[in-house]
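Right, one structure below, let's go through it.
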Amino acid sequence: MVMTHLPKINVSSAGAFWALVRRDVHLAWAQGGASTLTIGFFLIAVSLFPFGVGPEPQVLARIAPGVLWVIALLACVISLDRLYQADFEDGSLDDLVLSPVGFLGVVCAKVLAHWLSTTLPLAVLAPFLGVMMNLNADGFVVLIVSLLIGTPALSLIGSVGAALTVAVRRGGVLMSLIVLPLYVPTLIFGVGAVDAAVNLVDPLPHLALLGAVSLMAIVAGIWASVMALKLAME
Amino acid sequence: MNKAVLRYSDDTQIMAEALTCRRGGRTVFANMSFTLSAGSYLCLRGRNGAGKSTLLRLIAGLVPQSDGKFVVQAGGQALDIKSSLLMVGHLNGLKPALTLRDNAAMFQKVMTGQNLDQAVLQAAAKRFALAHLLDQPVQYFSSGQRHRSALMRFELVSRQIWLMDEPTVGLDSDNRQALAVMMQSHLERGGIIISATHDPIDVEGIELNLDDFAPKQIGQNSLESEWL
Amino acid sequence: MHRFANPAQFNRLADSVMPWAFSVMVLTLASGLYFALFDSPADYQQGESVRIMYMHVPAAWMGMFVYMVMAVASFTALVWRHPLALIAGKAAAPIGAMFTALALITGALWGKPMWGTYWVWDGRLTSVLVQFFLYLGYMALWQAVEDDEKAGRAASILALVGVVNIPIIKFSVDWWNTLHQPASVMRLDGPTIHSDMLWPLLLVAVGYQAYFVVAFIWRMRLEINLRKLSVMRMNEVAGG
Amino acid sequence: MTEFLNMGGYGAFVWTAYGLSAISLVTLVLRSRARANAVLLQVDAMRRRRKEEG
């Protein structure tokens with residue numbers, strides 16, 4: 035049987051997109067993946083503070099929102115430098131960008147997979163460390179909510195740093211230098227929200243501003259990541 | 006199960022006219038022209054650094070051309086190159102933590118959005134003597150096995166244009182034979198193959214030596230770069 | 095090739111602009127310094143230390159101005175693939191970073207006599223500090239990527255992302271500052287600028303602009319020559 | 008004169024601010040100029056050698 039012309043397969047890239055997200059989440063939790071290391075870092079780094087500033091509960095309570103947010107932010111940065119580099123080094127990034135998913139699909143899938151596999155667990159874990167840091171009970175819920183609203187911006191802006199340094203050996207430190215200044219607004223509004231909740235002030239305006247920064251990051255982050263990735267693939 | 010004999014459209018054509026590519030302030034190759042129609046095989050020759058890989062990536066649309074015309078067309082109108090080509094490079098694009106079966110299934114899903122037909126995978130694996138390794142994580146594979154796993158993609162996803170960068174690296178003689186057979190049958194079905202390789206594959210095709218398109222030697226003054 | 099793009103044309107333009115920029119710089123800076131140090135009143139509260147303002151404020155302005163120049167150069171480089179615009183950012187960055195650093199140092203030198211500490215988390219100073227980090231990131235990226243062409247375009251993307259974020263950072267820092275506002279922090283640019291103080295400020299500011307042109311031309315010449323050298327070396331190697 | 012240098016007791020701060028600014032501005036230009044000319048010499052040298060060989 036001879037088919038005279040290859041039927042045009044309608045390549046649904048949506049199916050491919052979610053397959054890519056699932057694969058990356060799976061790889062993040064697989065042996066050698068970023069998630070377990072990042073959570074380990076988060077636990078250890080936060081528990082260093084009582085050694086540093088002393089165990090007095092009021093001191094810890096006072097600095098708890100700031101410490102939890104800063105360490106979550108740092109954990110996010112260190113897990114990001116392999117976002118594209120792993121696939122760049124073994125060649126699968128070439129296949130992904132040539133596939134119907136395309137550059138935009140790859141960036142969105144990777145950022146989403148990173149957020150699900152790394153920053154989400156941080157947000158869920160934060161309250162337990164809040165207990166250790168003697169965080170005031172009123173702050174727990176807002177801590178999770180602020181992390182959930184703020185961390186997308188961390189993944190998105192971090193993705194830009196990762197894409198810019200994908201071809202740079204040992205680009206991790208450089209990536210932090212590039213990305214951390216851009217994290218300042220998210221950090222300020224995130225900690226502001228938790229502080230407000232702890233002081234029984236309405237945290238809503240802070241959360242709104244935090245959400246605004248994340249929305250902004252969606253636009254700037256994805257555009258810049260696609261541009262940077264195209265550049266690196268040349 | 007006699008595999009349906011797919012035949013690619015015969016009026017697909019890859020046409021390059023006075024193609025020039027400059028990268029990092031240096032001209033890699035200049036005013037190169039060639040035309041490839043369905044069923045033909047182009048073998049790129051030339052010393053290292055002559056731009057073989059660059060040309061392959063240019064054809065794939067990853068590298069922008071600096072000058073000249075480069076068109077992939079079918080029956081007069083331009084074809085979206087990305088949806089009709091498959092490329093294999095030096096790196097094999099396999100995730101070490103996943104098994105060969107998962108890697109292949111992932112590749113199929115990303116490239117076509119459909120799930121992998123296990124029979125097709127079995128046939129492809131048998132062709133490159135990898136059938137017994139399908140459920141092993143790729144991290145335990147030798148470099149030759151990894152390279153053969155990468156070559157399997159041409160059996161899994163049917164695309165008209167194949168771009169191969171050093172396909173024979175790490176292949177022993179009977180795998181090299183399997184590669185030649187696969188390429189030959191692809192050509193007979195109207196496929197187009199462009200490969201950059203040093204040691205020849207016994208598939209007859211047109212040769213293109215990139216050294217002929219290198220920027221004129223330093224002696225003459227045409228070292229065109231915008232910086233000099 | 096872009097009409098204006100090749101280095102020879104840039105050099106011709108630079109040669110004609112340089113004498114003018116240099117003389118304007120010398121004139122304005124000399125007169126600015128004269129007014130700043132001799133002919134303007136001391137502040138009734140801060141006394142003579144207010145004269146540091148004539149160094150601090152123009153430097154902070156320049157730190158911001160040069161980043162805008164880098165953003166425009168980066169946009170041109172990315173959109174029109176303009177080879178000179180690509181390295182204009184790299185040429186301008188150290189100048190901007192220097193001005194930002196000077197703004198921070200003079201701010202500290204001004205803070206010590208006024209508040210007794212070298213560093214105070216005043217909103218504006220903090221924004222300048224974050225801006226300094228943006229400069230560091232930009233310059234580090236240039237050095238980290240080997241291929242000049244790619245380094246330029248990567249840094250350009252970062253500069254554009256940076257310039258989009260600067261107003262957000264500024265807003266969040268000011269907002270954060272008002273949140274943690276200690277009772278009576280003297281605003282850095284003094285209660286009101288006495289008109290006699292305005293003159294030296296403007297003269298130094300114009301002088302710094304002229305200085306930027308002079309420094310930028312020399313930095314561009316350096317970058318162009320470096321690119322020439324690297325292309326020559328590449329061809330030497332590729333000549334094989 | 009010493010009254011002027013003293014700057015109402017803030018001399019150290021004022022002069023450091025002015026001095027540091029002046030030094031930084033001048034050094035940046037001089038260094039860039041020196042390096043630019045040095046690299047240009049290198050480029051010319053390479054060109055000459057290339058011409059002899061070519």
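Residue numbers (our numbering), protein chains in the order written: chain F, 35 to 268; chain P, 6 to 233; chain B, 95 to 334; chain V, 8 to 61. From the three backbone atoms N, C-alpha and C, an ideal C-beta is built for every residue, glycine too.
Exercise for the section: Mind listing the chain V neighbours of Val222 of chain B? Cutoff is C-beta to C-beta under 9 Å, in chain order. Expected result: In chain V, no part has a C-beta under 9 Å from the C-beta of Val222 of chain B; the shortest such distance is about 15 Å.
Problem - Alpha-carbon to alpha-carbon, Arg52 of chain P and Leu215 of chain P - result: Rounded to whole angstroms, Leu215 of chain P to Arg52 of chain P spans 8 Å at the Cα level.
Practice task
Look at Ala108 of chain B and Ile311 of chain B and say whether their C-beta atoms are less than 8 Å apart.
Solution key: Cβ atoms of Ala108 of chain B and Ile311 of chain B: closer than 8 Å.
Handout entry: Stretch pair the stretch 143 to 152 of chain B + the stretch 236 to 245 of chain B: three plus CB contacts closer than 8 Å
Key = Taking 8 Å as the limit for Cβ pairs, the verdict is that the stretch 236 to 245 of chain B does not touch the stretch 143 to 152 of chain B.
Problem - Below-8 Å beta-carbon distance, Leu35 of chain V vs any chain B residue - result: Contact of Leu35 of chain V with chain B is assigned, a C-beta pair being separated by under 8 Å.
Problem - Val299 of chain B versus Tyr25 of chain V: straight-line alpha-carbon distance, rounded - result: Looking at the sequence provided, one finds Ala at residue 299 of chain B rather than Val. The alpha-carbon atoms of Ala299 of chain B and Tyr25 of chain V are separated by roughly 14 Å.
Handout entry: DSSP-derived helix/strand/coil call for Asp270 of chain F
Key = Any answer about residue 270 of chain F is impossible in this case: the structure gives chain F only from 35 up to 268.
Exercise for the section: Can you tell me which of the three DSSP states Tyr46 of chain P falls into? Expected result: The answer is strand: DSSP assigns Tyr46 of chain P an E or B state.
Handout entry: Beta-carbon gap between Met267 of chain F and Val131 of chain F smaller than 8 Å
Key = Going by C-beta atoms, Met267 of chain F is nearer than 8 Å to Val131 of chain F.
Practice task
Under 8 Å between beta-carbons, which chain B residues line up against Ala109 of chain F? List them in chain order, please.
Solution key: Result: empty, since nearest Cβ-Cβ is about 20 Å, beyond 8 Å.
Practice task
Output yes or no for whether 8 Å exceeds the beta carbon distance between Cys110 of chain F and Ser180 of chain F.
Solution key: In this structure, Cys110 of chain F lies away from Ser180 of chain F, with their beta-carbon atoms at least 8 Å apart.
Handout entry: Whole-angstrom distance between Asp207 of chain P and Met188 of chain P, CA atom to CA atom
Key = Distance between the alpha carbons of Met188 of chain P and Asp207 of chain P is about 10 Å.
Problem - Start and end residues, alpha helix (DSSP H) containing Met169 of chain P - result: It is not in any alpha helix (DSSP H) - Met169 of chain P instead sits in the beta strand (DSSP E) that spans Ile166 to Asp170.
Practice task
Look at the Cβ atom of Tyr229 of chain B, then the Cβ atom of Ala191 of chain B, and state whether they are nearer than 8 Å.
Solution key: Yes, Cβ-Cβ distance for Tyr229 of chain B and Ala191 of chain B is below 8 Å.
Problem - Where Thr199 of chain F meets chain B, residues with beta-carbon distance less than 9 Å - result: Those are Leu235, Ala238, Val239 and Ala248, listed as they occur along chain B.
Exercise for the section: Apply the 10 Å Cβ neighbour rule to Asn108 of chain P and answer buried if 16 or more other Cβ atoms are within range, or exposed otherwise. Expected result: Classification of Asn108 of chain P: buried, given that the 10 Å Cβ count is 16 or more.
Practice task
Determine the chain F residues that contact Phe112 of chain P at a beta-carbon separation under 9 Å, and present them in chain order.
Solution key: Simply Ser126, Asp129 and Ser133.
Handout entry: Whole-angstrom C-beta distance between Ala106 of chain F and Phe76 of chain F, which should lie under 8 Å
Key = The pair is a contact, with the Cβ atoms about 6 Å apart (cut-off 8 Å).
Exercise for the section: Please confirm if Glu142 of chain B has its CB atom under 8 Å from at least one CB of chain V. Expected result: Chain V contact via Cβ: present.
Exercise for the section: Can you have a look at Gly205 of chain F and say buried or exposed, based on whether 16 or more other CB atoms are within 10 angstroms of its CB? Expected result: That one is buried.
Exercise for the section: Identify every run of the beta strand (DSSP E) within the stretch 130 to 206 of chain P, keeping only runs that are complete inside it and at least 3 residues long; order them along the chain. Expected result: Whole beta strand (DSSP E) segments, 3+ residues: 166 to 170 and 197 to 201.
Exercise for the section: From the DSSP output, in three-state form, read off Asp216 of chain B for me. Expected result: Three-state DSSP puts Asp216 of chain B in coil, outside helix and strand.
Practice task
Find the residues of chain P that neighbour Ala61 of chain F, judging by a C-beta separation of less than 9 Å, and give them in chain order.
Solution key: In the sequence as presented, Ala is not what sits at residue 61 of chain F; that position holds Leu. Taking the beta carbon of Leu61 of chain F as reference, the chain P residues within 9 Å of it are Lys100, Ala102 and Leu103, listed in sequence order.
Problem - Short-range partners of chain P found in the stretch 164 to 190 of chain B, where Cβ spacing is below 7 Å - result: If the cut-off is 7 Å between Cβ atoms, the stretch 164 to 190 of chain B has Pro177 near chain P.
Exercise for the section: Output yes if chain B places a C-beta closer than 8 Å to the C-beta of Ile256 of chain F; else output no. Expected result: For Ile256 of chain F, the answer is no, since every Cβ of chain B falls outside 8 Å of its Cβ.
Practice task
Would you please verify whether the beta carbon of Val46 of chain V is less than 8 Å from any beta carbon of chain B?
Solution key: Taking Cβ atoms only, chain B reaches closer than 8 Å to Val46 of chain V, which makes this a yes.
Practice task
Determine the contact status of Trp103 of chain F and Gly224 of chain F, defining contact as a CB-CB distance below 8 Å.
Solution key: Yes, these two residues count as a Cβ contact at 8 Å.
Handout entry: Local conformation of Gly80 of chain P per DSSP, three classes
Key = DSSP, reduced to helix, strand and coil, places Gly80 of chain P outside both helices and strands of the structure shown, so it counts as coil.
Handout entry: Three-state class that DSSP yields for Thr234 of chain P in the structure shown
Key = Nothing can be reported for residue 234 of chain P, as the shown portion of chain P is limited to 6 through 233.
Problem - Inter-residue spacing [alpha-carbon to alpha-carbon] between Ala136 of chain B and Ala202 of chain B - result: If you take the alpha carbons of Ala136 of chain B and Ala202 of chain B, they lie about 19 Å apart.
Handout entry: Assigned secondary structure, Val33 of chain P (DSSP; H/G/I helix, E/B strand, else coil)
Key = Three-state result, Val33 of chain P: strand.
Handout entry: Residue range of the unbroken alpha helix (DSSP H) whose run includes Leu249 of chain F
Key = Looking at the DSSP string, the run of the alpha helix (DSSP H) that includes Leu249 of chain F is Leu238 to Met267.
Problem - Distance between Tyr305 of chain B and Phe193 of chain B (C-alpha atoms, nearest Å) - result: Between Phe193 of chain B and Tyr305 of chain B, the C-alpha separation is close to 11 Å.
Handout entry: Met326 of chain B versus Met53 of chain V - alpha carbon distance
Key = Rounded to the nearest angstrom, the two C-alpha atoms are 8 Å apart.
Handout entry: CA-to-CA distance, Thr202 of chain P to Thr25 of chain P, given in whole angstroms
Key = Each residue's Cα considered, the two are about 21 Å apart.
Practice task
Would you please verify whether the beta carbon of Glu317 of chain B is less than 8 Å from any beta carbon of chain P?
Solution key: For Glu317 of chain B, the nearest beta carbon of chain P is not closer than 8 Å to its own beta carbon.
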